[in-house]
Amino acid sequence: MADPSSNVLSVRALVAGYERDLPIVRGVDFSVSSGEFVVILGPNGAGKSTFVKAIAGLVPIHSGSAALGSFDITNVAAHDKIRHGLAFVPQTENIFATLSISDNLQLAADILPRGRRGTRIAEIYSMFPDLAARPSLRAGQLSGGQRQMLAVARALVVDPSVLILDEPSAGLSPKIVSEVFSRLKAINQANVTVVLVEQNVKAALAIADRAVILVEGRVRHEGPAASLADDPVVAELYLGARREGEGARP
Amino acid sequence: MSVELIAYVAFFLTMALTYAIMCLGLNVQWGQTGLFNVGVAGFVAIGAYVSALLTTPDTPDRLGGFDMPIMVGWLGGALAAALVSFLIGALTVRLRADYLAIATFGVAVTVQLAALNLQSVTGGPFGIGFIPRPFAGSAGNPLVFSLANLGLLVATVAVLYLGLERLLRSPWGRVLRAIREDEAAARALGKNATKFRLQAFAIGGGIMGLAGAAQAHFIGFIAPDNYLPMLTFQVWAMLIVGGSGNNRGAILGAVLVWGIWAASAAAISALFPPAEQARAAALQIVTIGVALCAILLLRPRGILGEERVVSRHIGGVPMKSGAEQEISEETSRAGNA
Amino acid sequence: MTAQVIMDGLVTGSMIGLGAIGVTLTYSILRFANFAHGEFISWGAYFALAVVGLLGGLSGALLAPIGPFSFGWALPIGTVAAVLLAGALALVVDALLFGRLRANRSTVIIMVMASFGAALSLRSLLEFIFTSKPVYYTKALQIALPLGGGIRATPDQLLSLAVSAVLVLAVHMLLTRTAIGRSMRAVSENPALAGVVGVEVRKVIRTVWLLGAGLAAIAGVSAGVLVQIRPQMGLDLLLPLFASAILGGIGSVPGAMLAGLIVGLAEAIAVQAIGAEWRAAVAFAILVLVLLVRPQGLFGRAE
Chain A
0 MADPSSNVLS VRALVAGYER DLPIVRGVDF SVSSGEFVVI LGPNGAGKST
50 FVKAIAGLVP IHSGSAALGS FDITNVAAHD KIRHGLAFVP QTENIFATLS
100 ISDNLQLAAD ILPRGRRGTR IAEIYSMFPD LAARPSLRAG QLSGGQRQML
150 AVARALVVDP SVLILDEPSA GLSPKIVSEV FSRLKAINQA NVTVVLVEQN
200 VKAALAIADR AVILVEGRVR HEGPAASLAD DPVVAELYLG ARREGEGARP
Chain B
0 MSVELIAYVA FFLTMALTYA IMCLGLNVQW GQTGLFNVGV AGFVAIGAYV
50 SALLTTPDTP DRLGGFDMPI MVGWLGGALA AALVSFLIGA LTVRLRADYL
100 AIATFGVAVT VQLAALNLQS VTGGPFGIGF IPRPFAGSAG NPLVFSLANL
150 GLLVATVAVL YLGLERLLRS PWGRVLRAIR EDEAAARALG KNATKFRLQA
200 FAIGGGIMGL AGAAQAHFIG FIAPDNYLPM LTFQVWAMLI VGGSGNNRGA
250 ILGAVLVWGI WAASAAAISA LFPPAEQARA AALQIVTIGV ALCAILLLRP
300 RGILGEERVV SRHIGGVPMK SGAEQEISEE TSRAGNA
Chain C
0 MTAQVIMDGL VTGSMIGLGA IGVTLTYSIL RFANFAHGEF ISWGAYFALA
50 VVGLLGGLSG ALLAPIGPFS FGWALPIGTV AAVLLAGALA LVVDALLFGR
100 LRANRSTVII MVMASFGAAL SLRSLLEFIF TSKPVYYTKA LQIALPLGGG
150 IRATPDQLLS LAVSAVLVLA VHMLLTRTAI GRSMRAVSEN PALAGVVGVE
200 VRKVIRTVWL LGAGLAAIAG VSAGVLVQIR PQMGLDLLLP LFASAILGGI
250 GSVPGAMLAG LIVGLAEAIA VQAIGAEWRA AVAFAILVLV LLVRPQGLFG
300 RAE
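Chains as they are written, first to last, in numbering that gives the first Met the number 0: chain A, 0 to 249; chain B, 0 to 336; chain C, 0 to 302.
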């Protein structure tokens, strides 16, 4: 593994869960180096979602630590994590439906220094021409795929050091999923570190560099994405649960 | 022991028990079903006025003269209050919890206003007097009279208590508890959950009406000023102190808080000159209001309240890290909305 | 029915609207019906009264009526003070009570119950300090000027309307054009997501209390100038406030003011048609109607 200090995100022995006596994440070590595209896989209930939510500050951390670069963010308030470079896109309700597209983006830009805001939003609009077309449209009127794009665009406004997404494919048709995924790949290739939690194993492995498999709150397997696609261990870990290839969850 | 003392204690306890009935009614709505009624005074007033109107003799300028027996009055009062509860519940039971609160508050304001202004029906600001009192034949003998009335109220509260406890353990009560404890079960029941909640709300309201009727007949006189938001506040304070969700807590809270209220009122009369009485009374209310807020903060389950019953309404144990707390507070409250 | 009801209704309605804006904002962001909101109105009026009394004691010139109005410079100064003090009061109550209940993860019902208790305490405290006797900012009488169409209004009333209009506009601009306004709208929709996006929810909560209480204080001073000041004044307005907030749609500032005007007009019409004693029931009737027909209100989102 790369030298720890070049890790954009390092997590050590993380234990987390909604209730104090019921940890869902049971001691996970996880690191991401700059520019990587890592996907977190695992069967239903493995704690993938809870894991990233804990890093983002939405689920209490019981023990362990998380750091962005060399800066410890374990006990940092959720609203401050983004100021340290961690942008999180939740699975559901990830945009403000009652606000316009431009308000959604402006809101994200509000934490930037005044001088940067306008420039950054212009840059985002050039990356997402669909959003630039009708900026005063209420976000609630966007389609599922467009909302995901807005959510990602919003996360990118602050030029994060790491972008974490929780199952962006959920509820989307296969065609839209592949559009979203190719966008994410492009964003990663523009040097944004991406961590993706996904159920759609096949599509995720196709765009990721590395994959980590969580089962029952612990890391059970990890390795380069390309080789994991054909690895029988992966299928075994999913035994009884969903196999590769299927799209949206029920 | 002097006759006067016994008579006084009996009077005090009788009044406390009428409040206990109100608390039992509120407990059905709140403790058992989780519905928030901020207009208790209104439903009590309905019971009192309907009962009074049914039983008082003919009076010029006012509807009346039905001369029904006291028990008919009690029943009529309870039914009228139950009906209005049903109607208001039907309007709001599917909406947010605090919409019910606002709507019931509106009911209380409107009922009080109606009592004040519909002079030809309610006697207006002068109220209704000469309400027949139970055991009126013994009125000449204070000891017998007060003990007989006390006995009547004790019997009423006992019957209510036993009836409600029975209802709790019945299949109906079990469904209600399931709805209160588990929203998913409530949703699975769908429309039926609403039906159960409505029934509970109506029963609770009816019991409050019964309390109003019992009070009206015990005192013999009612006026719109008896049914101000203060009464609602008193009943809530009694239920919270005693322990919401618990019928014994309801009764205990009523007696306790009524005792504190009466004692402090007596202290004020004794200690303050007449000119300052109103201000002192205001201070008394400030103290009680603050005490209520303190209880909600420190021991929301009251004296006898069950931890588990109330916990769903209060929320879980505070979480580990202060950093996550504010977001999760909002999240959990967003979830409660 | 004379055309005068329109003026009476607008004047009362604009005061109700100011209070309703505060209610709708705290309701949508803090997510509970604050029964103590009426007390910010009363306390605002009394804070201003105290400052006016103080300033009047220092210099009689400050009490001399300005132009056509019934009050001297002491009142505008007093109003500014009242806004700040009412805001401080709201923050104190939040720090001592609501904030701690939020930290305990109390449900909506507990918050409302506590607000009921706080309302009673605050109201009774006013009674204790000032007694229930109605008081006034000034003894100067005002002549209603004819405006045409059979409508008359005093300069005070016209000023009150103008101030309300300006404030509604200002609050609307705040919500739609500023960063804090965007933050407030975001928290109103989804507090968890707002945090993820970088909004400091605590700061938004403080802002909402300050804004809501400040508007309430101005409504209180208006009511004090146009009618009278008494400890019950907030409680009397509570039902119209809630009815307006719900009619307008929780979270909508223009909705709250519009609904306030509607309620005010309805009350004025009712007073002419069936008598002043039934005024308080009008708000209740409107509330019932809204809940029956369209619970999300005029501009609210359907649940």
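Ideal Cβ positions, reconstructed from N, Cα and C, are used throughout, including at glycine. Here the structure is a predicted model, which is why all the values come from computation and not from measurement.
Which residue marks the beginning of the beta strand (DSSP E) containing residue i, and which one marks its end?
i: A:Pro223; result: 217–223
i: C:Arg101; result: No beta strand (DSSP E) holds C:Arg101; the alpha helix (DSSP H) holding it covers 98–102.
i: A:Arg250; result: Here chain A covers residues 0 to 249 and nothing more, so residue 250 of chain A does not appear.
i: A:Val31; result: 24–32
i: A:Gly63; result: 60–67
i: A:Ile163; result: 161–165
i: A:Ile110; result: Taken as a continuous stretch (DSSP letters only), A:Ile110 belongs to no beta strand (DSSP E), as it is neither H nor E.
i: C:Val170; result: Premise fails: C:Val170 lies in the alpha helix (DSSP H), 154–176, not in any beta strand (DSSP E).
For the alpha helix (DSSP H) containing residue i, list its first residue and its last residue.
i: A:His78; result: 77–80
i: C:Phe46; result: 36–57
i: C:Leu144; result: Where C:Leu144 is concerned, there is no enclosing alpha helix (DSSP H), although the beta strand (DSSP E) it sits in stretches over 144–147.
i: A:Asn6; result: Not the alpha helix (DSSP H): A:Asn6 falls in the beta strand (DSSP E), residues 6–15.
Can you list the residues of chain A that residue i reaches, using a CB-CB cut of under 8 Å?
i: C:Val200; result: His78
i: C:Glu188; result: Phe95, Ala96, Thr97, Leu98
Compute the distance between the beta-carbons of residue i and residue j, then report whether it is under 8 Å.
i: A:Gly23; j: A:Thr49; result: Checking the sequence, you will find Ile at residue 23 of chain A rather than Gly. Cβ distance < 8 Å, so A:Ile23 and A:Thr49 count as in contact.
i: B:Ala12; j: B:Leu149; result: Per the sequence presented here, residue 12 of chain B reads as Leu, with Ala not at that position. Yes.
i: A:Lys47; j: A:Gly56; result: no
i: A:Val156; j: A:Arg182; result: no
i: B:Met207; j: B:Leu25; result: yes
i: B:Tyr48; j: B:Ile221; result: yes
i: B:Phe42; j: C:Leu119; result: no
i: B:Asn337; j: B:Leu52; result: Since the first and last residues shown for chain B are 0 and 336, residue 337 of chain B lies out of range.
i: C:Leu286; j: C:Ala242; result: yes
i: C:Met110; j: C:Phe39; result: no
i: B:Ala201; j: B:Gly46; result: no
i: C:Gly348; j: C:Ala44; result: As shown, chain C starts at 0 and ends at 302. That puts residue 348 of chain C outside it, with no answer to give.
i: B:Leu112; j: C:Leu290; result: no
i: B:Val240; j: B:Ile294; result: yes
i: C:Ile108; j: C:Val162; result: no
i: C:Leu238; j: C:Ala265; result: no
Please compile the residues from chain C whose C-beta is within a distance smaller than 9 Å of the C-beta of residue i.
i: A:Leu106; result: Ala178, Arg181, Ser182, Arg184, Ala185, Ala193, Val196, Gly197, Val198
i: B:Asp57; result: Correct list: empty, because the minimum Cβ distance to chain C is about 26 Å.
i: A:Asp158; result: Simply none; closest approach about 13 Å.
i: B:Val289; result: Gly116, Ala117, Ser120
i: B:Trp235; result: Met112, Phe115, Gly116
Whose Cβ in chain C lies nearer than 8 Å to the Cβ of residue i?
i: A:Arg153; result: Val196
i: A:Ala55; result: Val195
Taking C-beta pairs closer than 7 Å, name the residues in chain C that residue i reaches, listed in chain order.
i: B:Pro299; result: Ile109
i: B:Ala281; result: Ser123, Glu126, Phe127
i: B:Asn116; result: Glu276, Trp277
i: A:Ile110; result: Gly197
i: B:Gly105; result: Leu238, Phe283, Leu286
Considering Cα atoms alone, identify which of the options is closest to residue i.
i: B:Leu161; options: B:Gln214, B:Ile250, B:Gly75; result: B:Ile250
i: C:Gly148; options: C:Thr1, C:Gly259, C:Phe298; result: C:Thr1
i: C:Phe97; options: C:Met112, C:Leu84, C:Leu166; result: C:Met112
i: C:Leu192; options: A:Ala107, A:Phe36, A:Gly216; result: A:Ala107
i: A:Gly34; options: A:Asp208, A:Arg217, A:Ala228, A:Ala234; result: A:Asp208
i: B:Leu238; options: B:Arg61, B:Phe195, B:Pro273, B:Arg298; result: B:Arg298
i: A:Asp20; options: A:Leu104, A:Pro59, A:Ala154; result: A:Pro59
i: C:Leu48; options: C:Ile76, C:Leu158, C:Gly180; result: C:Ile76
At 7 Å on the CB atoms, spell out the chain B contacts of residue i, in chain order.
i: C:Phe31; result: Asp97
Taking C-beta pairs closer than 8 Å, name the residues in chain B that residue i reaches, listed in chain order.
i: C:Leu210; result: The premise fails here: C:Leu210 is roughly 18 Å from chain B at the closest Cβ pair, so nothing lies under 8 Å.
Kindly list, in the order they appear in chain E, the residues whose Cβ is closer than 7 Å to that of residue i.
i: C:Phe241; result: Judged by its chain identifiers, the structure shown contains no chain E, and its protein chains are A, B and C.
query: Using a Cβ cut-off of 9 Å, which residues of the segment 82–101 of chain A contact any Cβ in chain C, in chain order?
result: Arg82, Ala86, Phe87, Val88, Pro89, Glu92, Asn93, Ile94, Phe95, Ala96, Thr97, Leu98
query: Given a limit of 7 Å on CB to CB distance, which residues of the segment 97–125 of chain C reach chain B?
result: Arg99, Leu100, Arg101, Ala102, Asn103, Arg104, Ser105, Thr106, Val107, Ile108, Ile109, Val111, Met112, Ala113, Phe115, Gly116, Ala117, Leu119, Ser120, Ser123, Leu124
query: Can you list, in chain order, the residues of the segment 251–282 of chain C whose Cβ is nearer than 7 Å to any Cβ on chain B?
result: Glu276, Trp277, Ala279, Ala280
- request: With 8 Å as the limit, tell me which residues of the segment 10–40 of chain A have their beta carbon closer than that to any beta carbon of chain C; keep them in chain order.
  value: none
- prompt: Using a beta-carbon distance cut-off of less than 8 Å, what residues from the segment 122–136 of chain A approach chain C?
  reply: none
- prompt: At a Cβ cut of 7 Å, what residues of the segment 48–69 of chain C count as close to chain B, listed as they run along the chain?
  reply: none
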